[in-house]
Structures are given as C-alpha cells and as structure tokens.
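K.L.:
There's a structure below that I have some questions on.
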Amino acid sequence: MKNVFSLAVISGILNTMMGLATPFLYAALGETIAQTSGVVNLGVDGVMLLSGFAAFYVALSTGSLWLGLLAAALVGLLLGLLMSFVSVTLKAEQGVSGIGLYMFGLGMSSLLLKILVGTVKTVQGFAPVPIPVLANIPFIGPILFRNSIPVYGAFLLVPVVWWMLEKTTLGLKIKSVGQNPAAADSLGISVDGIRYLSVCMGAVLAGVAGASLSISVLNLFQDNLTAGQGFIAVALVYFGGWSPIGVLGGALLFSVVNSFQLWVQVLGVKIPASVAIMLPYILTIAALTVTVNRMRQPAALNKPFERGES
Amino acid sequence: MKGKGFLIAGIMIVLLAAGVFADPFRIAVVMPSATTDMAFSQSMWSALVAIQKEMGGESALVLKYSENMYNVPDAAAAVRDYASQGFDVVIAHGSQYGSSVQEIAKDFPQTTFAWGTDVNTFGLPNVYAYTAAAEQGGYVNGVLAARLTKSKKIGVTGPVEVGDAKTYIDGFVQGVQSVNPGITVSKTWTGSFSDVALMAAAAKTHIASGADILTGSSQSVVGSIGAAKDNGGVLWFGTQSDQASLAPKLVVASQVYDWTGMLRDIISKHKSGVLGGVAYTLTLENSGLKVAYNPAFMLPAGVKAAGDAAINGIAKGTIKVEP
Amino acid sequence: MTTRSTTSPGGKRRASAVDWSRIALNVFLPVLGVVLALVLGAVMLLILKANPLAAYASLVNGAVGSQFGLTQTLVKATPLLLVGLGICIAFRANVINIGGEGQIIAGALMSTWFPLFFHSWPGWLLIPATMIVGFLAGAFWGFIPGILKARLNVNEILSTIMLNAIALQLMNLLLQGPLMDPAGVAARTFLAQSAQLPQQVWLPRLVPRTLLHAGAIVAVGLAIVVYVFLWRTTIGYDIRAVGLNPDAARYSGINVPTFQALSLTLAGGFAGLAGVVEVIGVQHRLMEGLTSGYGFTGIVAALLGSLHPIGLIPASILFGGLLVGADKMQRAVQVPSSLVMAILGLVVLFVSGSALWSRRWAARRRIGEQRDQESGA
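Residue numbers (this note's numbering), protein chains in the order written: chain A, 1 to 310; chain B, 311 to 633; chain C, 634 to 1010.
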C-alpha cells in the first residue's frame, strides 16, 4: 500500500474522477427529471450512443464542436419524443420500451458509424479551459478549475436542475404529475404534456452526456462507446433518491471509487484486477444500505396515466 | 499451318473460357466483433480483402462475413449455414467457436473449416487451426519501449487477462526487462473488451503516475491512444492491427497479425485436396507476425537496431519468449 | 407498475374461464407491432441497397424454413422462456427484475463448478443436481436485491444493475484463474473458457446434428409449473395480490416486502436455470459472453407473452425465431449486424406500444360486463 495515500495520488484520483463523472451527471440528472414526472427511461444508454455519434460526426465533418453539441441535443430530443410517444401516449410498459430504445440507439449508432465514417477516427474535442486565478489554488485548483466546458457544465447543472425542480412552477407541476397524476389532472395540468416535456428534457441531457464522451472526454466514437454507462446513470437516480444533490453524490462516489481502483492497479497493489473493478459497484450498494433514503419514490413512477383509471 | 493455328486458338479460347467461367473460390468468415474494431476481427477481415484483391477481385474470390457473433450458438448456426451453402472455406474467427467447429466439421467433409486462436484441429481431416504468438511482437515492443522511456515508467492498459491479451502483455514485460529490469511496468485491467471510457481513464492514471509510454490490447485501446494524444508526449505501442493512423505522431510501432500467408496456404491446400489437419502459428519467423514501425515517428537508429535484433533473435530462436 | 390485470380481482374464480377474444387480441396486436417495425426496417434496408423482400424472406426462412432453423429457434427460445418465467413471477408482484444478466451468470458459474467437482457422479444424478444448484445460485443472486429491498429499502433497480456488473467480474475472476481450462493453460493459449464439462452432465440432444437439447422440454414443463404455482397455490395468489393492489394486500395481512423479495428470488432462480441450460445443454463449458443479453430480451419475451407463463411459450418461440431469422437475414443480404439490432429495437418499441389498445379494449369490455351485471342481464 506504498503510496496510495500520498497527496499526488489523491489529486490524481480526484482528477480522473471528474472526467468519469461527467457523462453520469448529465444522464442521471436528465433521468431524474423524467422519473420525477413518473416515467422510467431505461433506454438512456441508447440515447447517449446515438446522440454521441451525432455529435462526433457533425464535429468531424464541420469542425465545429458546438454544432456537434447541438446535433447531440437534437437527436436526444427526437429520441425523447419517440420514447414519450411510446411510453406516455401509447402507455407501453416502460421497462420494455426503454430496452427497445436502447437496442435501437445501439444498433443505429454502430450502423451509422460503419456507413458514414468507416473506421475509428478521432476528433479534436473540447480542450480544457482553465479558470483564471481559481485554477492556481493549490491542490483543488487543477482538479476543479482546469476542465473542459462540458465538464464544468455537468457540475453546474446540479444546482440548475435542483432549482428548476424545487423553485419553479414547472418543477412543481412535474412533481405533482409524478406523485398524483389524477389530482394534477383535475387541477388542469396536462399530465401527458408535462411527461412529454420531462422525458424530452431527460433525453436531451442524455444526448449531451453522449456528446461529452465523444467530443470531450474520449474524442472518438466506436461501437458501444458507452459500454452500459447509461444503465449506471439510471441506477444512480435511485441511489440519489430523485434529488439532484443525491445524484451528484452517487456519481461522485461511483466515479471516485472507479478512479481509485485504477490507481490501486497502477501502483501495483496486490489485489486481483477483477476484485478492484468490482469495488465501485459493491460500494454503491453498500453506501445505500447505510444511508437513510429520505426521498420517496414518485408515487406514480412507471404507471401510465389514463383518465378514469386508477 | 492453318490447322495448327486454329488448334492453338481453340485451346486458348477453351482455357480463357475456363478461366472466365471458372467458379470463384468462396470463403465465409464468422467473427465475434466488428470488422472495423481496429483489433482482432479487423486483422482477419483486412487479410481476406487483401487476398481477394490479389486473386483478382470478386470474380475470383467471393467473401461473406458475419460480425458481432459473440453468442456462440448463433455463430454455430452461421458456420453451419455457410457450410451448407457450399462455401469452400468457412473461418470461425474466435476461440469460443471451437466446440461448434468440432461438431459441424464432421457433417461437411467437403468443406474446409479454419478456426482460431487455438492449436487444436480435433484430429479432423478438414479442420485447420491457427493462433498468433502474440508474445513475440510483445517482446519486441517491450525492447523498443525500454530504450525509449525517459521516466523509466511504462503503463499497460489491458482488458481481461486472457487469450492473446495476456500473452502479448507477458511478452512485452519480458522484452522490457531484458533491456532494463529496473523499469517499472504497471498493468491495469478494465474487465471489459469494449469499455473505452474506463480504458481511457486507466491510461490517464498511468500517465498521471509518471508513465511516458503505454501499450495495451483489445478494441477499447482506442481510449488509451486518445489519452496519450491528449497528453501529447506519451508514446504508444500497438498490437493486432496497425494503429498508427489513430495518433501518427505518437505510435512508435504495432505488432500486426498478417493472416495472408496462412490464407494463401489454406486456399492452395484446399484446391489440391488437403482440407485440413494443420495448426498454423503466426510468428516473426514465418512473417505471420510483423512489427510495423510507424514511418511518421522518428525512431533513433540505435533503438531501431535493438528492435530489429530482437526480431531476428526471436525468429532464429536465440531469444525465447514464453507467455 | 401498471395496475392493469389479466385476471379480475376475484382471482381464483375467473382464472378458469378462457377469454379467447382477449387472447386473440393479445396475439394480434403485438404481431401488428412487429409488422410495423419491419416496414420501417424495410426502408432502412432500401437505403443500404438491400432488397427488403429478399431480406425478410430469408428472415422467415431462417427461422422456420429448415429443420436446423426450427431447432435453432427452439434453442434460442429456451433461455428466453426460462428468464421470462422469472420475469413473469416478479412482474406479478410489481417488481421489475433487470438483474437477469447477473443471475444467469450465477447459475452458469455454479453449473460449471459443480459437475467439474463432482465429475464421478452418474448422469441421472448429476444433471438434476446441477440444475437444482444452478437454480439456487441464481435464486441467491435474486435474493440479495430482494432482501436489500425488503429490509433496507434499497431500490431493486439500483441493486440489480450493480449486481449484474459484479457477477460479470466474478465470472472474469474465476475464468482467469481457478476455472480456466487446464488445456488452455498447458497450450499457453489462456482462453477465457472453462474445461469441457464431463459428458454425463450434457443434456441429451433431441434432434441429432442440431443444438436442440432436453432443456427445452424442461422449460416448457416449468412454464406449466409456474402457471399452477401462480394461480393454484396460496403463495402464488399472494404474489399476484401484492402486484394487483399492494395496499389491499397489506390490509389483508400479506407482508408485501417479503413477497416481493420472494418473487425476486424466484425470478433469479429461473434466470439462473437459463444459465445452466446454456452451459450443460448448448456449450458444454463456460465461456465469456454466454448471457447474450438474455437478461434483457427475456423481459421482452415476457411482455410478448402478456406476462402469462403459458402465453410465454409461443412468445419466446416467436421472439427466438425473430432473433434466429434476423441472423440469417444478415448473412443472406450481408447487411451489418447493427442494422438488425436497430430493427429489433424498433420491434420491441412498437410491440410494447401495442399493449395500449388491448388494455383499452379489455377495460371497455370490463365496463360493459359490469353494466350487464348491474342491469341483471
């Protein structure tokens, strides 16, 4: 266990954590909004993949990263509309429709990669943008204030989403639709409309999550680039108790342990790699068993709403 | 005189017709990942395409493929289907396909089955097996890396410690230690062949801990190469396919699996009636393995000489690399 | 969990009446969903310059057009049916089990180690024993999220997703070490597979020169068992009551969390059994990649079967045929396999959306019946 707790190693762990946490944050915060309105979207990974490809391809062809980001958001929106239509209007079994969305996104992204790009190519992604003065603070400066714009965005999103859900009328409507759709309906709130909006917001953010991978953290696209991170993001929503702060905590916990286990391997600590890789997953469950989950699940989660039906 | 001319012309026409209307040779390949994975599957597919070009295109060699066949019964169905469609050679390009080949080959005695990476032909007359001695190119890469590293720290980003990922890395470590046992080689495993993000994070961790050279295996190493590129000064050694295109300034060399020699041999053997029974191993000696130096990278002459010496040593057998 | 039901609240009585028109609709609408998705797929095929008619003809041909195709369909249907049965039980208690992948691995690991360890046992003992321990291993992997939910209120979607990843790494750990095939170590190939299992534990093949194994019969038999369990036993009734109306169930003294944990445990057991039959029936050894996504596609099959164990039998065959046919289609017109995956995704999306109409229709019928009853007809 020679150097694991030296300052240099700890700052290295935290640094890697930032890049790992970014896609989780975008996707999980988006899914929080969707689930607060009562809809589970298990297809987040598929949205991340197809939008991530769109961002990559547009950035590759036009040279503009911002256009790529926009493309990702647009693709996310379209997929969000598709998911809303199937899950809200057609009232499908949400777990299953989510799986269908995942398969579609996975297949389409690989297909488009093959026919539009061909081989694996890299792009010049978002470069780190140090924030003057703050970046020079010892120890935390390089970790927090020397990142790329998408990384900053992911962390800034936490208070934004919190504020939207807790302090705006829209947030109130979203929560009421998720808690008691019949009551919300009788008050004149369009349950389906709010759910469409929430699912689409979630999907747009999932799209940005995908873009953060393809044009910021990894700067390339390959088959199944996300390797299941979208599902982890959905799990983190439950971990966080449908609270943006809780989701931040979950994303950071998962990412820091993942980063930690890589350092453990690099430093040559004698632990089988497979056990090290398991650590983030085990600790996430463990963390939830010892913390008290104050937030209750939105009562109408995973229940399509039909006027006249309970 | 005229008669002889006509005879010659007639013979030439017949030969020409035979050549033009001769049935093309047909090869089908079943692979566990995509043809564009920059790694295992791509190495076989690009070899087949090269052979096709060599033989004269689609009219001489018909190629069909099934990719992403990670489900073994599905792959078995594909292999059996191609065999029953009358393909001359069916390649099951994945070590998990072995028992399927063993079962199916018995039902199609006229078809040649080739599978890898393994050395077992099951004692069947129509099965070829093939493998790559990945540890050899690994050794050479290790020798080169050991001579190029300034920080004396090298990072290895691997997927799962099995198969040719393991043997390549074992060879690499031996190569490094043959030059300087004092160099630290750190290994990380991500537990997945496809998790690019985790591979990139692993690479960044190596770099942050002081490594100035990286290597690794599987299609997810594109993440490691990306991390090296972001850093700008970290060098990369590749395997399975030539990875220079991903980072032209940073890739020093790649071990390349060149299946073309083996494929040529299988095709000619099949045509002459020998449908199987040989276990091929790609080595540096038979040129099945090549170390492809990246022409865009300025390799100091002394280092290259050491690399070439390692290649020669392994090929001649004076250097032994054990995975 | 949706509060629609396929039996009325008077559970036991209604179960014996077979609602043929309902069944017809439950079959017709998903099929319509499949057709719609295939139409969209045809558009994509045209863009890729493939002939959609030839493509879909080869899809059908691949699934049912030959003896081998038919047996492949059944080979694929077997794990779908087994996982689906577990999903069925869990759904009935209002629990969604997405831990199938991990539970399959647990069953597969146990059914690899056990026969290798007890390799001297005769087949008639080893096969059922392996199946039982494999079921128990999967059940354990379902029990963990179950008990965490019941006792510590840990959400099961979170715990099952985490446990899927943990199971995968556990398999990697064992395959890299104690379970690695000694032949592979000796030959220095180090392949990610176990030794071949002793022959007496191999499930007998039903049709020679195909992969169809006796596990298919076991699966169908278990479907009937699950039906009886859910509709003819008290425990089964309680599980369904929990799913239909958790508050009412609690009122009548049923411990809801316990039954939800039980249903997750059972679901895990069936998924584990899917892993067992893949190992001892199909591959005769453990290899990485054996789950092939059945943990998720089993959920789709369960929905296609209207979450009814008997309905699951034709549903898993249909879905299995779709998967087999899709592979054949890929080979025949040489389109990328990712296109096939995208089309399958559309199929799942559309089929899941088709459930609406069957439910609305059923609701209208229920209202109509109620009115008839009230008016004394």
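Heads up, the beta-carbon is just placed ideally off N, CA and C, and yes, glycines get one too.
Tell me the rounded alpha-carbon separation between Lys460/B and Gly543/B.
P.N.:
Working through the second sequence from its first residue, we reach residue 460/B at position 150. Working through the second sequence from its first residue, we reach residue 543/B at position 233. Rounded to whole angstroms, Lys460/B to Gly543/B spans 11 Å at the Cα level.
K.L.:
Going along the chain, which residues of its own chain have a beta-carbon closer than 7 Å to the beta-carbon of Ile277/A, five neighbours each way excluded?
P.N.:
Counting from one through the first sequence, the residue named residue 277/A turns up at place 277. Cβ within range, chain order: Gln261.
K.L.:
How many Å lie between Leu807/C and Val429/B at the Cα?
P.N.:
Within the third sequence, residue 807/C is the residue found at index 174, counting from 1. Within the second sequence, residue 429/B is the residue found at index 119, counting from 1. C-alpha separation (whole angstroms): 23 Å.
K.L.:
Taking Cβ-Cβ distances below 7 Å as the criterion, which residues of the region 359-387 of chain B are in contact with chain C?
P.N.:
Cβ contacts with chain C come from Lys374, Ser376, Glu377, Asn378, Tyr380, Asn381, Val382, Pro383, Asp384, Ala386 and Ala387.
K.L.:
Compare the beta carbon distance of Lys114/A and Pro778/C with 7 Å and say whether it is the shorter of the two.
P.N.:
Position 114 of the first sequence, counted from the first residue, corresponds to residue 114/A. Position 145 of the third sequence, counted from the first residue, corresponds to residue 778/C. For Lys114/A and Pro778/C, no; Cβs fall outside 7 Å.
K.L.:
Cβ of Ala675/C within 7 Å of Cβ of Gly954/C?
P.N.:
Taking the third sequence and counting its residues from 1, one reaches residue 675/C at position 42. Taking the third sequence and counting its residues from 1, one reaches residue 954/C at position 321. No.
K.L.:
Considering only the beta carbon of each residue, do Pro890/C and Ala820/C sit closer than 7 Å?
P.N.:
By 1-based counting over the third sequence, the position of residue 890/C is 257. By 1-based counting over the third sequence, the position of residue 820/C is 187. No, Cβ-Cβ distance for Pro890/C and Ala820/C is not below 7 Å.
K.L.:
Which stretch, first to last residue, makes up the alpha helix (DSSP H) that contains Trp163/A?
P.N.:
As a first step, residue 163/A must be located in the first sequence, where it is residue number 163. First-last of the alpha helix (DSSP H) with Trp163/A: Ile149 to Lys167.
K.L.:
Helix, strand or coil: how does DSSP classify Ile799/C here?
P.N.:
Along the third sequence, read from residue 1 onward, the residue named residue 799/C stands at position 166. It is helical.
K.L.:
Put Trp425/B into one of helix, strand or coil per three-state DSSP.
P.N.:
Along the second sequence, one-based indexing puts residue 425/B at 115. Strand at Trp425/B.
K.L.:
If you follow the alpha helix (DSSP H) that Ser212/A is part of, which residue opens it and which one closes it?
P.N.:
Translated into positions along the first sequence, residue 212/A becomes position 212. Looking at the DSSP string, the run of the alpha helix (DSSP H) that includes Ser212/A is Val191 to Ser212.
K.L.:
Counting only C-beta atoms, is Met962/C closer than 7 Å to chain B at any point?
P.N.:
Within the third sequence, numbered from 1, the residue matching residue 962/C stands at position 329. Output row for Met962/C: interface = no.
K.L.:
Count the other CB atoms within 10 Å of the CB of Met743/C; is the residue buried (16 or more) or exposed (fewer)?
P.N.:
Stepping through the third sequence from its first residue, residue 743/C is reached at position 110. Per the 10 Å Cβ criterion, buried.
K.L.:
Does the distance from the CB of Leu855/C to the CB of Ala741/C come in under 7 Å?
P.N.:
In the third sequence, residue 855/C corresponds to position 222, counting from 1. In the third sequence, residue 741/C corresponds to position 108, counting from 1. No, the Cβ-Cβ distance between Leu855/C and Ala741/C is not below 7 Å.
K.L.:
Between the Cα of Phe724/C and the Cα atoms of Leu665/C, Ile765/C, Val933/C and Phe768/C, which residue gives the shortest distance?
P.N.:
For the purposes of this step, residue 724/C is taken as the residue at position 91 of the third sequence. When only C-alpha atoms are compared, the closest one is Val933/C.
K.L.:
How about the region 891-902 of chain C and the region 768-775 of chain C: do they share at least three Cβ pairs that are nearer than 8 Å?
P.N.:
Yes, the region 891-902 of chain C touches the region 768-775 of chain C.
K.L.:
Thinking just about the alpha-carbon of each residue, which of Phe5/A, Ala227/A, Val160/A and Gln94/A is nearest to the one in Leu301/A?
P.N.:
By one-based count along the first sequence, residue 301/A stands at place 301. Nearest C-alpha to Leu301/A: Gln94/A.
K.L.:
Tell me whether Val840/C is buried or exposed, calling it buried when 16 or more other Cβ atoms sit within 10 Å of its Cβ.
P.N.:
Taking the third sequence and counting its residues from 1, one reaches residue 840/C at position 207. Counting Cβ neighbours within 10 Å, Val840/C comes out exposed, since fewer than 16 surround it.
K.L.:
Under 8 Å Cβ to Cβ from Val613/B, same chain only, skipping five residues before and after it: list those, please.
P.N.:
Numbered from 1 along the second sequence, position 303 holds the residue referred to as residue 613/B. Result list for Val613/B: Leu454, Arg457 and Leu458, in chain order.
K.L.:
For a contact defined as C-beta to C-beta under 9 Å, what are the partners of Asn41/A on chain B?
P.N.:
Position 41 of the first sequence, counting from 1, holds the residue named residue 41/A. Correct list: empty, because the minimum Cβ distance to chain B is about 21 Å.
K.L.:
May I have the straight-line CA-CA distance separating Lys91/A from Gly241/A, to the nearest angstrom?
P.N.:
In the first sequence, the residue the question calls residue 91/A occupies position 91. In the first sequence, the residue the question calls residue 241/A occupies position 241. Each residue's alpha carbon lies about 25 Å from the other.
K.L.:
Starting from the Cα of Gly468/B, find the closest Cα among Gly426/B, Gln420/B, Leu434/B and Ile535/B and give me that residue.
P.N.:
Start at 1 with the first residue of the second sequence, and residue 468/B comes out as number 158. Answer by Cα proximity: Ile535/B.
K.L.:
Following the continuous beta strand (DSSP E) through Pro128/A, name the residue where it begins and the one where it ends.
P.N.:
The residue labelled residue 128/A in the question sits at position 128 within the first sequence. It spans Pro128 to Pro130 - the beta strand (DSSP E) in which Pro128/A sits, taken as one unbroken run.
K.L.:
Can you find a C-beta in chain A that's less than 7 Å from the C-beta of Met341/B?
P.N.:
Translated into positions along the second sequence, residue 341/B becomes position 31. For Met341/B, the answer is no, since every Cβ of chain A falls outside 7 Å of its Cβ.
K.L.:
Measuring alpha carbon to alpha carbon, tell me which residue in Tyr860/C, Asp871/C, Ile794/C and Arg964/C is nearest Pro942/C.
P.N.:
As a working note, residue 942/C is residue 309 in the third sequence. Out of Tyr860/C, Asp871/C, Ile794/C and Arg964/C, Tyr860/C has the C-alpha closest to the C-alpha of Pro942/C.
K.L.:
Please classify Met108/A: does DSSP put it in a helix, a strand, or coil?
P.N.:
Residue mapping note: residue 108/A aligns to position 108 of the first sequence, counting from 1. In this structure, Met108/A counts as helix in the three-state DSSP scheme.
K.L.:
Go to Gln565/B, then tell me how far its beta strand (DSSP E) extends in each direction, as first and last residue.
P.N.:
For the purposes of this step, residue 565/B is identified with residue 255 of the second sequence, where counting begins at 1. Val561 to Tyr567 is the span of the beta strand (DSSP E), which, as asked, contains Gln565/B.
K.L.:
So is Arg838/C in contact with chain B if we call contact Cβ pairs under 7 Å?
P.N.:
Taking the third sequence and counting its residues from 1, one reaches residue 838/C at position 205. Not an interface residue.
K.L.:
Can you tell me whether Ser555/B is helix, strand or coil according to DSSP?
P.N.:
To locate residue 555/B, count along the second sequence from 1; it is residue 245. Looking at Ser555/B - three-state DSSP - the assignment turns out to be helix.
K.L.:
Going along the chain, which residues of the region 851-881 of chain C sit with their C-beta nearer than 9 Å to a C-beta in chain A?
P.N.:
Residues passing the 9 Å Cβ filter: none.
K.L.:
Is the CB of Asp417/B under 7 Å away from at least one CB in chain C?
P.N.:
As a working mapping, residue 417/B is identified with position 107 in the second sequence. Asp417/B counts as touching chain C.
K.L.:
Determine the chain A residues that contact His516/B at a beta-carbon separation under 9 Å, and present them in chain order.
P.N.:
Against the second sequence, residue 516/B aligns to sequence position 206. Under the 9 Å cutoff, chain A gives Leu262 and Val266.
K.L.:
Could you please give me the residues that DSSP links to Lys709/C through a beta bridge?
P.N.:
The residue you call residue 709/C lines up with position 76 of the third sequence. None; Lys709/C has no bridge partner.
K.L.:
Which residues does DSSP pair with Thr525/B in a beta bridge?
P.N.:
Here residue 525/B refers to the residue found at position 215 of the second sequence. In the DSSP output, where bridge partners are listed per residue, Thr525/B has Val466/B and Phe547/B.
K.L.:
What does DSSP give as the partner residue(s) for Gln826/C in the beta ladder?
P.N.:
To locate residue 826/C, count along the third sequence from 1; it is residue 193. Answer is Met920/C, bridged to Gln826/C.
K.L.:
What are the boundary residues of the beta strand (DSSP E) that Val437/B is part of?
P.N.:
As a position in the second sequence, residue 437/B is number 127, starting the count at 1. Its beta strand (DSSP E) spans residues Val437 to Ala442.
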